[in-house]
Amino acid sequence: MKNTADIVVIGGGPAGMATALEASKNGASVLLLEADTLLGGNAARSTGYLAFQGFEMQHREGLDDNAEIFFKDMVNEIKRQEETYGIEFDAELAKVFAKESATTYDWLVELGFEFNRFLPRPLQHSVNRMVDVTDTSMFTKVFSDVLKKNDVDVRTSTRARRLLLEESQIVGVQTDNGSFRANMGVVLAAGGYQANSSLRKKYQPEHMATTPYLGTHHDVGDGHIMGQEVGGELINMTMIPPLIMVGSALVEDSIAVNTLGRRFHDEAGPYDYRVKELNKQPNKTAHYIYDNQTYLKKRQLIDEMPQTPSSANSLTELAQIIESDYKALKETVTQWNDFLTSSEEKDPDFGRVILPAERRAIIEPPYFASKMITGINFPAGGFRVNADLQVLNVYGEPIPKLFAVGDCSGGLGPVIGMGGMRITPALTLGRVVGRKIATQKFECSPNSERLDEYIPSNTMKVPVIDD
Ligand SMILES: Cc1cc2nc3c(=O)[nH]c(=O)nc-3n(C[C@H](O)[C@H](O)[C@H](O)COP(=O)(O)OP(=O)(O)OC[C@H]3O[C@@H](n4cnc5c(N)ncnc54)[C@H](O)[C@@H]3O)c2cc1C
Numbered sequence: 406m407k408n409t410a411d412i413v414v415i416g417g418g419p420a421g422m423a424t425a426l427e428a429s430k431n432g433a434s435v436l437l438l439e440a441d442t443l444l445g446g447n448a449a450r451s452t453g454y455l456a457f458q459g460f461e462m463q464h465r466e467g468l469d470d471n472a473e474i475f476f477k478d479m480v481n482e483i484k485r486q487e488e489t490y491g492i493e494f495d496a497e498l499a500k501v502f503a504k505e506s507a508t509t510y511d512w513l514v515e516l517g518f519e520f521n522r523f524l525p526r527p528l529q530h531s532v533n534r535m536v537d538v539t540d541t542s543m544f545t546k547v548f549s550d551v552l553k554k555n556d557v558d559v560r561t562s563t564r565a566r567r568l569l570l571e572e573s574q575i576v577g578v579q580t581d582n583g584s585f586r587a588n589m590g591v592v593l594a595a596g597g598y599q600a601n602s603s604l605r606k607k608y609q610p611e612h613m614a615t616t617p618y619l620g621t622h623h624d625v626g627d628g629h630i631m632g633q634e635v636g637g638e639l640i641n642m643t644m645i646p647p648l649i650m651v652g653s654a655l656v657e658d659s660i661a662v663n664t665l666g667r668r669f670h671d672e673a674g675p676y677d678y679r680v681k682e683l684n685k686q687p688n689k690t691a692h693y694i695y696d697n698q699t700y701l702k703k704r705q706l707i708d709e710m711p712q713t714p715s716s717a718n719s720l721t722e723l724a725q726i727i728e729s730d731y732k733a734l735k736e737t738v739t740q741w742n743d744f745l746t747s748s749e750e751k752d753p754d755f756g757r758v759i760l761p762a763e764r765r766a767i768i769e770p771p772y773f774a775s776k777m778i779t780g781i782n783f784p785a786g787g788f789r790v791n792a793d794l795q796v797l798n799v800y801g802e803p804i805p806k807l808f809a810v811g812d813c814s815g816g817l818g819p820v821i822g823m824g825g826m827r828i829t830p831a832l833t834l835g836r837v838v839g840r841k842i843a844t845q846k847f848e849c850s851p852n853s854e855r856l857d858e859y860i861p862s863n864t865m866k867v868p869v870i871d872d
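For the sequence shown, the numbering used here assigns the number 406 to the initial residue and increments by one for each residue that follows.
Dropping the structure here:
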């Protein structure tokens with residue numbers, strides 16, 4: 406087995422797989438290193454919501470969308486989040502992503518992916534553009550096959566540990582299974598740092614740093630640490646938004662009830678809103694209620710939740726187990742089922758518009774209750790990169806032959822609350838960087854681009870402190 410390639414990619418999630426495939430299709434030899442036993446990363450464990458603009462499903466519905474509208478929606482989301490977090494939004498990268506997202510849809514369809522339906526999120530996506538893949542295990546199966554067919558040398562169970570540096574250039578990667586050399590570049594695509602509570606503690610208050618996270622245990626910030634050692638600048642690291650630990654596809658089929666047996670919010674509303682609403686409930690306690698059909702269909706997502714669900718053959722029994730008002734719970738479920746059999750498009754109580762596929766009611770025993778538990782969403786933080794996805798140092802200069810994409814890059818991270826905005830950027834910008842490295846067609850200047858941002862300003866506002 407050869408331990409040298411044109412490009413070495415660290416991480417076999419959507420970002421790394423797209424990078425490797427596109428680089429190989431453009432003539433480069435590629436080594437893909439994956440710490441886990443299988444490819445797919447968090448995309449294979451996800452709900453599979455993806456957001457694109459100007460794609461075939463929108464055309465079919467006569468929906469008017471384009472890169473500018475998509476970009477504006479991102480800017481609006483940033484404005485909303487800026488009230489809570491200090492954010493560095495990379496508008497340039499966002500524009501590249503918005504433009505290229507349309508072709509990512511076609512690219513996935515060509516690979517064999519299929520999509521179910523639009524999931525409306527009118528507060529975040531002004532046009533219907535978020536859709537769900539029919540089967541997230543395709544991120545493992547389809548990509549494993551296609552990468553093999555395209556001669557990508559995939560090394561699973563291989564954890565990268567350090568970048569190799571010679572004469573200020575990145576020349577390879579040291580792993581637990583030996584070293585690998587890269588002639589054209591190394592791509593950091595090792596996901597986020599959610600699974601590393603000691604790293605999170607650097608950026609989060611202690612009581613939050615140990616809260617649960619969703620997904621793979623391999624995302625321990627290795628990419629962030631390796632890139633930091635060679636001078637990469639990390640941005641948006643403190644934006645690790647709280648989130649109710651539940652896959653969105655399970656929420657589609659569920660309602661949430663408090664201890665009074667009542668619904669209290671739009672279950673599919675913005676992630677931060679859901680956390681705020683839960684915190685207003687008696688004892689801050691509530692449960693997602695769903696039935697057996699959902700349990701059987703969405704088992705993978707249910708198993709990923711921090712607590713196993715309670716179940717019972719009747720709603721009365723279930724209410725007793727979760728210490729909720731049984732009469733009210735039965736009434737609430739009946740009301741929800743009645744709404745689903747009506748022709749109303751919006752839930753009259755909380756304005757919810759994401760409904761179960763085919764408006765399936767909660768009817769088949771046993772019934773299940775999963776506790777709403779607050780943990781963290783995906784961290785927004787990662788490397789500052791330029792539009793060629795080159796990792797920049799603190800002076801805004803590219804580190805020769807080092808690239809970052811997906812959850813390892815930070816400039817697009819803060820739009821996470823929109824929904825469908827992690828996997829599509831990972832795939833899209835992965836395709837972009839794979840192509841750029843393989844063809845050596847870069848657009849950005851090798852010189853410092855952002856140095857002026859670091860000149861201290863004497864116009865900074867000084868907060869006024871009252872005596
Ligand atoms: C339950 C759940 C639901 C989600 N739902 C959605 C959704 O609907 N829509 C959406 O857009 N996003 C969703 N996400 C988030 C999304 O899956 C991730 O943000 C996305 O997969 C990031 O892609 P990535 O390739 O950058 O990283 P990842 O998918 O995290 O992949 C990183 C890969 O790198 C590997 N790795 C880590 N360290 C090393 C190392 N040192 N050496 C080698 N390999 C390493 C990991 O094992 C992993 O395979 C969800 C995630 C989860 C868990």
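Using N, Cα and C, we set each Cβ at its ideal position, and we do this for glycine too.
Cβ distance (whole Å) where Thr829 is taken to contact Ser506 below 8 Å: 6 Å
Beta-ladder partner(s) of Gly590, from DSSP: Ile412
Runs of alpha helix (DSSP H) lying entirely within the segment 814-856, each at least 4 residues, in chain order: 828-844
Proximal residues to Pro525 (C-beta, below 6 Å), its chain only, five neighbours per side dropped: Asn533 and Val758
Short Cβ contact (9 Å threshold) for Thr621 with Asp441: yes
Gln845, buried or exposed, once every other Cβ within 10 Å from all chains shown has been counted against 16: exposed
Gly666, DSSP secondary structure in three states: coil
Alpha-carbon spacing of Ile860 relative to Gly816, whole angstroms: The predicted model places Ile860 with a pLDDT of 48, which falls under 50 and marks its position as unreliable; any figure quoted below should be read in that light. When rounded, the distance between both Cα atoms is 21 Å.
Cβ neighbours of Met543 in the same chain (closer than 8 Å, five flanking residues each side left out): Gly517 and Phe518
Nonlocal neighbours in the same chain, by C-beta distance under 8 Å from Ile640, ignoring five residues either side: Glu493, Gly786, Gly787, Phe788, Arg789, Gly815 and Gly816
Rounded separation between Thr690 and Leu665 - CA only: 10 Å
Span separating the alpha-carbon of Val514 from that of Val551: 13 Å
Bridge partner(s) assigned by DSSP for Leu639: Phe788
Any non-hydrogen atom of ligand 1 closer than 8 Å to Val820 Cβ: no
Proximity winner among Gln725, Leu706, Arg522 and Gly801, relative to Phe877 (alpha-carbon distances): This structure leaves residue 877 out entirely; the chain is present only between 406 and 872.
Residue closest to Val635, alpha-carbon to alpha-carbon, out of Ser531, Arg566, Asn408 and Arg560: Arg566
Proximity below 9 Å, CB of Tyr454 to CB of Ser653: yes
Pair within 9 Å by beta-carbon distance, Gly491 and Met644: yes
Residue-chain proximity (Arg564, chain D), Cβ-Cβ < 9 Å: Among the chains of the structure shown, chain D does not appear; only one protein chain is present.
DSSP bridge partner residues for Ser775 (one or two, in chain order): Tyr693
Any non-hydrogen atom of ligand 1 closer than 8 Å to Phe783 Cβ: yes
Residue closest to Ile660, alpha-carbon to alpha-carbon, out of Gln686, His692, Glu638 and Lys681: His692
Inter-residue spacing [alpha-carbon to alpha-carbon] between Ile842 and Met535: 30 Å
Proximity below 9 Å, CB of Asp708 to CB of Asn447: no
Closest Cα partner of Thr563 within the set Val576, Asn582, Leu569 and Gly421: Asn582
Pairwise C-alpha distance: Thr539 and Pro419: 16 Å
Cβ neighbours of Ala425 in the same chain (closer than 7 Å, five flanking residues each side left out): Val414, Val435, Leu437, Leu552, Val557 and Gly839
Per-residue burial, Val629 [other beta carbons within 10 Å of its own, 16 or more giving buried]: First, the amino acid is wrong: residue 629 is His here, not Val. Buried is the call here.
Length-filtered (3 minimum) beta strand (DSSP E) runs lying within the segment 433-513: 435-438 and 454-456
Beta-bridge partners of Thr580, as assigned by DSSP: Ala565 and Gly583
Option in Gln463, Leu498 and Tyr800 with minimal Cα separation from Glu848: Leu498
Candidates Ile483, Gly459, Gln463 and Glu482, of which the one nearest Ala472 by Cα: Gly459
Beta-carbon proximity of Lys477 to Ser531, cut-off 9 Å: yes
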